[in-house]
Structures are given as structure tokens and as C-alpha cells.
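See structure below.
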Amino acid sequence: MARDIITCPECGKPSEAEMPTDACLYFYECPGCHTRLKALPGDCCVFCSYGTMLCPPRQEAAIPEAEPTPV
Ligand SMILES: [Zn+2]
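Under this note's numbering, the first residue of the sequence shown is numbered -8, with each subsequent residue one higher.
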């Protein structure tokens, strides 16, 4: 289980959240102001939108493969 810091866009408070490695966390409640954060359009989870790291599936996707897949 990885951890990441999510910065709340409402109150600006950073908070540590557990990042599931096998699932995307689409909603996250800020412990500071209890705003229910939702992933931005186009983002698969709140870590991509508000976190300091991309979520594990995106991290893997961001690493170029040795053999690029033909489009
Ligand atoms: Zn907040």
C-alpha cells in the first residue's frame, strides 16, 4: 500500500492518504474541511488530480515501454 499527499483544493490542507495499488480512488474526503474531493474530468483518481504522484496504473503507463505499441 503506497501513500501520497493529497492537497485539498478547498482549504489547501495537505493530507496523507493511502493509495491502493490495484484500484483507483475516485473520491476522497479532506480531513481538514470534509469536502468530498472528486477526480477531475480526465483523471482516473484523486491522486492524479490532487496528489503529488500519479496513481500506480498511470505511473506504469507513463513509463515508456521498450517496444512502443503501434497506434
Ligand atoms: Zn479541505
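Every residue, glycine too, gets a C-beta built ideally from N, C-alpha and C. Note that the structure is a prediction, hence the values are computed from the model and not measured.
Can you tell me which residues form a DSSP beta bridge with residue i?
i     : result
Phe18 : Lys29
Could you give the first and the last residue of the continuous beta strand (DSSP E) run that contains residue i?
i     : result
Pro47 : Counting along the chain, Pro47 falls outside any beta strand (DSSP E), though it belongs to the alpha helix (DSSP H) covering Pro47 to Ala53.
Glu1  : Note, Glu1: premise wrong, no beta strand (DSSP E); not H, not E.
In whole angstroms, what is the alpha-carbon distance linking residue i and residue j?
i     : j     : result
Cys39 : His25 : 19 Å
Leu28 : Cys36 : 10 Å
Ala30 : Thr43 : 14 Å
Glu1  : Ile54 : 31 Å
Leaving out the 5 sequence neighbours to the left and right, which residues in its chain are closer than 6 Å to residue i when beta-carbon positions are compared?
i      : result
Pro130 : The structure shown does not extend to residue 130, since the chain is modelled only from -8 through 62, so no value can be given for it.
Lys4   : Gly23
Are there any heavy atoms of ligand 2 lying less than 6 Å away from the beta-carbon of residue i, as far as the coordinates show?
i    : result
Glu1 : This structure lacks ligand 2; the ligands present are ligand 1.
Can you give me the Cβ contacts of residue i inside the same chain, cut-off strictly under 8 Å, excluding the 5 residues immediately before and after it?
i     : result
Met10 : Met(-8), Ala(-7), Arg(-6), Asp(-5), Leu16, Phe38, Gly42, Met44, Cys46 and Pro47
What residue range does the alpha helix (DSSP H) around residue i cover?
i     : result
Cys39 : Val37 to Tyr41
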